[in-house]
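Participant: Sharing a structure here in structure tokens format.
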Amino acid sequence: EIVLTQSPDFQSVTPKEKVTITCRASQSIDTSLHWYQQKPGQSPKLLIKYASQSFSGVPSRFSGSGSGTDFTLTINGLEAEDVATYYCHQSRNLPFTFGPGTKVDIK
Amino acid sequence: EAQLVESGGGVVQPGRSLRLSCEASGFTFDDYAMHWVRQAPGKGLEWVSGISWNSAGVEYADSVKGRFTISRDNARGSLFLQMNGLRPEDTALYYCAKDTAFSSYASFDVWGQGTMVAVS
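The structure is reproduced here in structure tokens:
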């Protein structure tokens with residue numbers, strides 16, 4: 001099973017600050033890495049697919065990069081509505097796995 | 108607008124069974140693979156099971172293999188999860204999710220609101 005680790009576990013930032021979340025895979029997954037946002041009390045929403053492809057309707061401040069084992073989700077200028085937990089997910093190998101999540105809050 | 112609505116959750120004793128359903132609308136259901144993903148209270152996301160567009164491919168997490176069965180009815184636009192031999196560790200909110208692919212598996216672009224299963 002491919003294990004995904006995320007860092008940090010929690011990040012508290014001021015509005016408009018840049019947020020960087022990393023996801024590391026226990027073995028290479030090419031670019032089969034996707035990012036989701038889950039706001040409190042809501043279902044997850046797809047942000048980025050295949051490491052760097054923005055999903056339709058997602059604000060341009062969200063971007064992704066990486067390949068192989070190391071990936072990054074960047075929020076360029078955090079807004080209050082971005083308070084959420086962010087998860088990475090790999091679809092390269094079964095069983096599909098999710099990272100443990102990174103909780104982002106407003107300072 | 109694509110939408111998924113789960114149902115069938117509830118409180119059940121250990122060892123008993125439950126059948127979850129997911130009704131799809133707003134997209135061509137049989138064009139896409141589908142999945143079940145669960146989230147235990149206060150915890151992260153766990154993929155449970157996936158099925159290809161034509162049911163030829165079905166996959167399970169090790170934690171549910173042999174106990175859960177995924178199926179779909181393309182004529183009705185419905186996805187199912189038959190859960191047998193339920194354990195307390197199966198307690199979670201179960202989400203139905205649409206894949207962006209049909210024969211392979213990729214990202215999940217539409218999620219339902221979830222249905223809660225409590226095993227106690």
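Chains as they are written, first to last, in our numbering: chain A, 1 to 107; chain B, 108 to 227.
In this text, a Cβ means the ideal position worked out from N, Cα and C, and glycines have one as well.
Computed from a prediction, not measured in an experiment: that's the story for all the values here.
Express the C-alpha separation of A109 of chain B and K18 of chain A in angstroms, rounding to a whole number.
Facilitator: Each residue's Cα considered, the two are about 32 Å apart.
Participant: Is it the case that the Cβ atoms of I21 of chain A and I2 of chain A are separated by a distance below 8 Å?
Facilitator: No, they are not a contact pair.
Participant: Spatial neighbours of R238 of chain B within its chain, please: C-beta separation below 7 Å, excluding the five flanking residues on both sides.
Facilitator: Look at the range of chain B in this structure, 108 to 227, and you will see that residue 238 of chain B is not part of it.
Participant: Determine the direct distance from the alpha carbon of P44 of chain A to that of G117 of chain B, and round the result to whole angstroms.
Facilitator: So the alpha carbons of these two residues sit roughly 22 Å apart.
Participant: Report the rounded CA-to-CA distance for W154 of chain B versus T5 of chain A, giving the unit in angstroms.
Facilitator: When rounded, the distance between both Cα atoms is 16 Å.
Participant: For the region 205–217 of chain B, which residues have a beta carbon sitting closer than 9 Å to at least one beta carbon of chain D?
Facilitator: In the displayed structure, chain D is absent; the protein chains listed are A and B.
Participant: When you compare the CB positions of L70 of chain A and S12 of chain A, do they come within less than 8 Å of one another, or not?
Facilitator: The sequence given here has Asp at residue 70 of chain A, not Leu. No, the Cβ-Cβ distance between D70 of chain A and S12 of chain A is not below 8 Å.
Participant: Can you tell me which of the three DSSP states F62 of chain A falls into?
Facilitator: It is a strand residue.
Participant: To the nearest angstrom, how far is it from the Cα of Y86 of chain A to the Cα of A140 of chain B?
Facilitator: Roughly 23 Å between the two C-alpha positions.
Participant: Going by C-alpha to C-alpha distance, which of B:T207, B:R179 and B:K172 sits closest to N191 of chain B?
Facilitator: Checked all of B:T207, B:R179 and B:K172; the closest Cα to N191 of chain B is B:K172.
Participant: Comparing alpha-carbon positions, which option in B:S114, B:D169 and B:G157 lies nearest L125 of chain B?
Facilitator: Cα-wise, what sits closest to L125 of chain B is B:S114.
Participant: Can you name, in chain order, every residue of its own chain whose Cβ lies under 6 Å from the Cβ of G101 of chain A, other than the five neighbours on each side?
Facilitator: Once the five neighbours on either side are set aside, the close Cβ partners of G101 of chain A are T85 and Y87.
Participant: Note down, in chain order, every chain A residue with its Cβ under 9 Å from the Cβ of Y202 of chain B.
Facilitator: Near Y202 of chain B (Cβ distances below 9 Å), the residues of chain A are S43 and P44.
Participant: Give every residue of the same chain whose Cβ lies closer than 6 Å to the Cβ of G77 of chain A, excluding the five residues on either side of it in the sequence, and list them in chain order.
Facilitator: The answer, listed in chain order, is K16 and R61.
Participant: Since P95 of chain A and A168 of chain B should fall inside the 8 Å C-beta cutoff, what is the C-beta to C-beta distance between them, to a whole number of angstroms?
Facilitator: About 5 Å; that satisfies the 8 Å criterion.
Participant: Going along chain A in order, which residues have a C-beta closer than 7 Å to the C-beta of A168 of chain B?
Facilitator: Going along chain A in sequence order, the residues near A168 of chain B (Cβ under 7 Å) are P95.
Participant: Going by Cα to Cα distance, which pick from A:F10, A:S91 and A:R24 is closest to S65 of chain A?
Facilitator: Answer by Cα proximity: A:R24.
Participant: Look at the Cβ atom of V119 of chain B, then the Cβ atom of V226 of chain B, and state whether they are nearer than 8 Å.
Facilitator: Their beta carbons are under 8 Å apart, which means V119 of chain B touches V226 of chain B by this criterion.
Participant: Does any residue of chain B have a CB that is nearer than 8 Å to the CB of P100 of chain A?
Facilitator: Closer than 8 Å: yes.
Participant: For S67 of chain A, I'd like the list of residues in its chain whose CB is within less than 7 Å of its CB, leaving aside the five on either flank, ordered along the chain.
Facilitator: Result list for S67 of chain A: D30, T31 and A51, in chain order.
Participant: Output needed in chain order: residues of the region 76–91 of chain A with a Cβ under 9 Å from some Cβ in chain B.
Facilitator: Correct list: T85, Y87, H89 and S91.
Participant: Does any C-beta atom of chain A lie closer than 8 Å to the C-beta of Q220 of chain B?
Facilitator: Chain A contact via Cβ: present.
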